[in-house]
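**Q** Letter by letter, the sequence shown follows residues 1445 to 1671 of my numbering.
Have a look at this one.
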Amino acid sequence: MPFKRIRDMFVASVNEGLDKIENPRVMLNQYVRDMESDIAKAKHTIVKQQTIEQSFKGKHEEAEKLAVKRRNQAQLAFDAGEEELAKKALSEMKYFEEKASEYQEAYHHAKKQLAELKEQLQTLEVKLRDIKDRKHALIARANAVKAKEHMNASFNKIDSESAYREFMRMETRIEEMEAKVNSYAEISAGSGSSYSRLEYAKEVEEELEKMRAQKVGLEKQTSAGNE
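Here it is in structure tokens:
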């Protein structure tokens, strides 16, 4: 019996723990918090990505301006007969043109990533709104299911567990005790009447003898009068 009680207590504590772990309200609220956290992180990433995109865009525009400037400088040096200066300016022009191309490619790539991040953020926000809209309805449905489970468990307990059987056994025992007490009361009442008759039996006989004697006396007087 002690081992069964310990086992029941252990099972009850485990089930209670599982109920807490699988509590729909707790889990749905956690889902909402997780998604809100993901959305906050996504927004932060988008801000950083926008900064990167604008940085590459600015570097691309600056490199293009420098490339144009060096081209103009090379043309002026060439027109002035300064070919060495023209070559140097053209070399720098090529460098800036190459950098402008790299920055432009990086800018387009960053812009594409930014668009993807914004699309993902929009999807998350739609899902979050959907979860928030449906959360209360889902919690209500889960609570209804839980209530039915507890009700079914209660009925099963009443039908199967020893507590109910013990209750019924005790009720039968009480009924037996009531019947036994009532039987004793009836016997006691009957016995009291018997004791009363025995107690006055001698006096009753004496009274009867007196009555008999009087009767005999009356009969004798009647017979004498008739003679």
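Cβ atoms here follow ideal geometry from the backbone N, Cα and C, with glycine treated the same way.
This one's a predicted model, so the numbers in the text were calculated from it and none came from an experiment.
Helix, strand or coil, according to DSSP, for Ala1524 in the structure here?
**A** In the sequence shown, residue 1524 corresponds to position 80, counting from 1. Residue state, collapsed to three classes: coil.
**Q** According to the neighbour-count rule (16 or more other Cβ atoms, all chains shown, within 10 Å of its Cβ), is His1488 buried or exposed?
**A** Residue mapping note: residue 1488 aligns to position 44 of the sequence shown, counting from 1. By the 10 Å Cβ count, His1488 comes out exposed.
**Q** Using a Cβ distance threshold of 8 Å, determine whether the region 1523–1542 contacts the region 1559–1576, with at least three qualifying pairs required.
**A** In short, these stretches do not touch, since the Cβ pair count stays below three.
**Q** By Cβ distance below 8 Å, which residues in the same chain neighbour Ile1583 in space, the five residues on each side in sequence not counted?
**A** Walking along the sequence shown from the start, residue 1583 turns up at place 139. So the qualifying residues of the chain are Pro1468, Arg1469, Leu1472.
**Q** On the CB-based measure, 16 or more other CB atoms within 10 Å of its CB, does Ala1484 come out buried or exposed?
**A** Counting from 1 along the sequence shown, the entry for residue 1484 is found at position 40. Under this definition Ala1484 is an exposed residue.
**Q** Whose C-beta lies closer than 7 Å to the C-beta of Leu1510 among residues of the same chain, with five residues either side of it excluded?
**A** In the sequence shown, residue 1510 corresponds to position 66, counting from 1. The residues are Phe1540.
**Q** CB-CB under 7 Å to Lys1555, same chain, minus the five flanking residues each way: which ones, in chain order?
**A** Walking along the sequence shown from the start, residue 1555 turns up at place 111. Cβ within range, chain order: Glu1497.
**Q** Taking 7 Å as the CB-CB limit, is Leu1652 close to chain D?
**A** This model lacks chain D altogether; it includes just one protein chain.
**Q** Identify, in the order they occur along the chain, each residue of the same chain with its Cβ nearer than 8 Å to the Cβ of Ile1490, setting aside the five sequence neighbours on each side.
**A** For the purposes of this step, residue 1490 is taken as residue 46 along the sequence shown, with counting starting at 1. Closer than 8 Å at Cβ, skipping near neighbours: Leu1558, Leu1561, Lys1562, Leu1565.
**Q** What does the alpha-carbon distance come out to for the pair Glu1536 and Lys1576?
**A** The residue labelled residue 1536 in the question sits at position 92 within the sequence shown. The residue labelled residue 1576 in the question sits at position 132 within the sequence shown. Near 58 Å, if we compare the C-alpha coordinates of Lys1576 and Glu1536.
**Q** Per DSSP, what kind of secondary structure is Asn1587 in: helix, strand or coil?
**A** Numbered from 1 along the sequence shown, position 143 holds the residue referred to as residue 1587. In the structure shown, Asn1587 sits in a helix (DSSP, three-state: H, G or I).
**Q** Quick check on the burial criterion: 16 or more other C-beta atoms within 10 angstroms. Buried or exposed for Ala1591?
**A** Start at 1 with the first residue of the sequence shown, and residue 1591 comes out as number 147. Exposed, because fewer than 16 other Cβ atoms sit within 10 Å of the Cβ of Ala1591.
**Q** Which runs of the beta strand (DSSP E) spanning at least 3 residues fall entirely within the region 1514–1566, listed in chain order?
**A** Counting whole runs of 3 or more residues, the region 1514–1566 contains no beta strand (DSSP E) stretch at all.
**Q** Return the CA-CA distance between Glu1651 and Val1625, expressed in angstroms with no decimal places.
**A** Against the sequence shown, residue 1651 aligns to sequence position 207. Against the sequence shown, residue 1625 aligns to sequence position 181. So the two alpha carbons sit approximately 39 Å from each other.
**Q** If the criterion is Cβ atoms closer than 7 Å, does the pair Tyr1475 and His1504 meet it?
**A** In the sequence shown, counting from the first residue as 1, residue 1475 sits at position 31. In the sequence shown, counting from the first residue as 1, residue 1504 sits at position 60. No, Cβ-Cβ distance for Tyr1475 and His1504 is not below 7 Å.
**Q** On the three-state DSSP scale, how would you describe Asn1467?
**A** Residue numbering aside, residue 1467 sits at position 23 when the sequence shown is read from its first letter. Here Asn1467 sits in coil by DSSP.
**Q** Expressed to the nearest angstrom, what Euclidean distance is found between the alpha-carbon atoms of Glu1610 and Ile1618?
**A** Start at 1 with the first residue of the sequence shown, and residue 1610 comes out as number 166. Start at 1 with the first residue of the sequence shown, and residue 1618 comes out as number 174. Cα-Cα distance, rounded: 12 Å.
**Q** Assign Arg1578 to one of two classes, buried (16 or more other C-beta atoms within 10 Å of its C-beta) or exposed (fewer than that).
**A** Within the sequence shown, numbered from 1, the residue matching residue 1578 stands at position 134. By the neighbour-count rule (16 or more Cβ atoms within 10 Å), Arg1578 is not buried but exposed.
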